[in-house]
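In my numbering, the protein residues as written are 522 to 991. Beta carbons: idealized from backbone N, C-alpha and C, even for Gly. Bear in mind the structure is a predicted one, so any value in this text is a computation, not a measurement.
Dropping the structure here:
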């Protein structure tokens with residue numbers, strides 16, 4: 522591999538900046554909703570601890586929101602920097618959803634978050650509550666328009682191809698928004714974000730409670746986080762099932778690669794491997810531990826269903842897309858195979874920890890949680906984040922060698938006028954800048970989390986809520 526190849530370096534750079542940006546996206550989406558829920562409970566019950574929880578977790582949300590905005594802007598610049606041919610090809614299609622994301626969703630989000638921050642002592646309580654819900658809805662809408670654009674890359678719909686300009690031109694915006702991949706991926710993404718946010722609530726609450734700090738305030742937050750994790754996990758599983766069906770019907774190679782299934786199989790032979798060892802050339806299987814019928818059911822909802830294998834699909838694509846000049850249409854198997862399993866495994870482990878946490882903190886428990894139990898709760902927050910990240914890695918790497926499935930290969934999307942040295946310089950610069958920002962981000966969040974909620978403040982129900990400087 523030529524490490525000064527602009528294509529290789531551009532892919533590395535986009536992967537770096539995308540994964541780094543996605544560190545903040547799920548927490549922003551999930552924590553906005555968590556903050557809105559805590560404030561709703563306070564408005565409805567008047568219990569002061571929920572006001573404290575609202576302000577406490579809002580600090581984490583706002584720190585993360587600011588960093589997410591900064592890193593997200595870089596993504597759009599990269600389209601023009603390193604992927605100009607790709608931008609030219611999809612520009613007419615992406616223009617509409619990205620415009621809606623920027624002008625409607627993001628502006629809505631930014632406007633309401635401003636009203637919420639500065640409106641504590643100026644707006645009526647219920648109007649102020651509506652602003653944080655407006656912020657949460659804005660983050661969710663923003664996510665949908667981005668997912669709709671990404672879904673076009675997975676399953677192109679609502680377009681015509683203009684051979685004269687070599688561009689995909691949008692003909693049906695509604696078809697783009699209702700792409701079955703987008704409809705399935707959207708709830709999966711939102712529930713995944715809620716898993717991460719509730720995981721942060723669990724970890725922060727456990728840290729303070731294990732030290733005997735703010736116990737009365739954070740005990741309800743811990744219970745909320747534990748129950749929220751289970752609810753979010755259930756949503757991820759159900760939506761993931763629908764996303765799997767959409768993936769099989771639109772990108773069967775991705776499902777075959779996720780299973781490292783080389784030959785088409787039906788029924789009991791279409792089994793799901795818990796662990797697999799392949800040949801060095803990646804064209805066969807040496808040994809695996811399998812569950813019969815499971816892959817057939819996941820792919821078709823039929824125990825006797827059939828699933829196409831890598832070898833058959835590769836032969837089919839080689840004929841169907843002979844004009845691309847490619848003979849190999851299989852993504853990097855070890856990445857797709859293990860990303861799929863890490864996504865499931867990390868998410869399920871976090872849900873299991875939450876389930877055990879509910880049991881050991883239940884009313885009537887004979888023994889208090891042991892110190893090591895608190896440590897597990899505290900250090901469990903990366904699990905849901907890791908599941909989110911490897912899920913996106915699987916989604917994008919499983920589409921290779923296509924940048925827009927069946928329409929444009931990744932190698933044809935890179936900017937023709939950018940040299941490998943230029944991309945390498947920007948890659949190093951981004952890496953150093955993002956590493957510095959990561960230190961700042963983590964430091965600010967850890968500092969805010971360790972400080973805990975301000976429980977010294979008293980609140981008169983009839984008095985305006987004082988402003989808080991975040």
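Which residue marks the beginning of the alpha helix (DSSP H) containing residue 529, and which one marks its end?
Residue 529 -> alpha helix (DSSP H) spans 527-543.
Those residues which DSSP pairs with residue 923 across a bridge:
Beta-bridge partners assigned by DSSP to residue 923: 930.
Supposed close pair residue 929, residue 607 - CB separation, criterion 8 angstroms
About 7 angstroms; that satisfies the 8 angstroms criterion.
So which of 570, 828, 746 has the shortest CA-CA distance to residue 771?
Selected option, being the one with the closest Cα: 828.
For residue 982 and residue 716, what's the separation of their Cα atoms in angstroms?
In this predicted model, residue 982 has a pLDDT of only 46, less than 50, meaning its place in the structure is not dependable enough to derive any value.
Are three or more beta carbon pairs between the stretch 917-934 and the stretch 847-858 nearer than 8 angstroms?
Segments in contact, yes.
Using C-beta distances below 6 angstroms, list every residue in its chain close to residue 858, excluding the 5 sequence neighbours before and after it, in chain order.
Here residue 858 has 781 as same chain residues with Cβ atoms under 6 angstroms from its own Cβ, once five neighbours each way along the sequence are excluded.
Across the stretch 624-643 and the stretch 652-666, are there enough close Cβ pairs to call them in contact, namely three or more that are closer than 8 angstroms?
Output reads yes: the stretch 652-666 touches the stretch 624-643.
Output the distance between the C-alpha atoms of residue 794 and residue 811, rounded to the nearest integer angstrom.
Taking the straight line joining both Cα atoms gives about 4 angstroms.
Can you give the Cα-Cα distance for residue 775 and residue 540, rounded to whole angstroms?
Between residue 775 and residue 540, the C-alpha separation is close to 20 angstroms.
Run through DSSP, which three-state label would residue 849 get?
DSSP places residue 849 in the coil class of the three-state scheme, outside both helix and strand.
With distances taken Cα to Cα, identify the nearest neighbour of residue 549 among 648, 653, 704.
With distances taken between Cα atoms, residue 549 lies closest to 653.
Does the pairing of the stretch 905-915 with the stretch 863-880 give three or more beta-carbon distances under 8 angstroms?
As far as the Cβ criterion goes, the stretch 905-915 touches the stretch 863-880, which means the pair count is three or higher.
Helix, strand or coil for residue 644 per DSSP?
Looking at residue 644 - three-state DSSP - the assignment turns out to be coil, as it is neither helix nor strand.
Can you check which of these residues, 960, 676, 959, 944, is closest to residue 533 by C-alpha distance?
Nearest of 960, 676, 959, 944 to residue 533, Cα basis: 944.
Between the stretch 691-704 and the stretch 644-651, do three or more beta carbon pairs fall short of 8 angstroms?
No, the stretch 691-704 does not touch the stretch 644-651.
Nearest candidate by alpha-carbon position, reference residue 907, set 675, 670, 616, 713:
It is 713 whose Cα lies nearest to the Cα of residue 907.
Report the start-end ranges of each alpha helix (DSSP H) in the stretch 683-760 that is 4 residues or longer and not cut off at the edges.
The DSSP assignment places complete alpha helix (DSSP H) segments of no fewer than 4 residues inside the stretch 683-760 at 694-698, 701-731, in order along the chain.
How long is the line joining the alpha carbons of residue 897 and residue 531, rounded to whole angstroms?
For residue 897 and residue 531, the gap between their C-alpha atoms comes out near 38 angstroms.
Residue 662 by DSSP, collapsed to three states: which one?
Helix.
Counting only the same chain and skipping the five closest in sequence on each side, list residues whose C-beta sits under 7 angstroms from that of residue 464.
The first residue shown for the chain is 522 and the last is 991, placing residue 464 beyond what the model contains.
Which of helix, strand or coil DSSP assigns to residue 680
DSSP places residue 680 in strand when its eight states are reduced to three.
According to DSSP, is residue 953 helix, strand or coil?
DSSP places residue 953 in helix when its eight states are reduced to three.
Use the C-beta contact count for residue 963: other C-beta atoms within 10 angstroms, 16 or more gives buried, fewer gives exposed.
The residue in question, residue 963, is exposed, as its Cβ has fewer than 16 Cβ neighbours within 10 Å.
With distances taken between CB atoms, is the gap from residue 817 to residue 764 smaller than 7 angstroms?
For the pair residue 817 and residue 764, the CB atoms are not nearer than the 7 angstroms cut-off.
Can you name, in chain order, every residue of its own chain whose Cβ lies under 8 angstroms from the Cβ of residue 820, other than the five neighbours on each side?
765, 766, 769, 776, 791, 826, 828.
Terminal residues of the continuous alpha helix (DSSP H) containing residue 562?
First-last of the alpha helix (DSSP H) with residue 562: 546-566.
Sort out for me which residues DSSP pairs residue 600 with in a bridge.
In the DSSP output, where bridge partners are listed per residue, residue 600 has none listed.
Beta-carbon within less than 6 angstroms of residue 725's beta-carbon, same chain only, minus the 5 sequence neighbours each way: which residues are those?
Contacts found: 970.
Going by DSSP, name the residue or residues bridged to residue 914.
According to DSSP, which records beta bridges pairwise, residue 914 is partnered with nothing at all.
Out of 718, 974, 893, 927, state which residue places its alpha-carbon closest to the alpha-carbon of residue 844.
When each option's Cα is compared against that of residue 844, the closest is 927.
Which residue from 655, 947, 741 puts its Cα closest to that of residue 883?
Scanning 655, 947, 741 for the CA closest to the CA of residue 883 turns up 741.
Taking the alpha-carbon positions, what's the residue 986 to residue 738 distance?
Low local confidence applies: a pLDDT of 47 at residue 986 is under 50, so the model's placement there is unreliable, and no value is given.
According to DSSP, residues forming a beta bridge with residue 786
According to DSSP, residue pairing for residue 786 in a beta bridge involves 828.
Residue nearest to residue 558 in terms of C-alpha spacing, selected from 571, 683, 546:
For the residues 571, 683, 546, the minimum Cα distance to residue 558 belongs to 571.
Would you kindly report the start and end of the unbroken alpha helix (DSSP H) that includes residue 780?
773-780 is the span of the alpha helix (DSSP H), which, as asked, contains residue 780.
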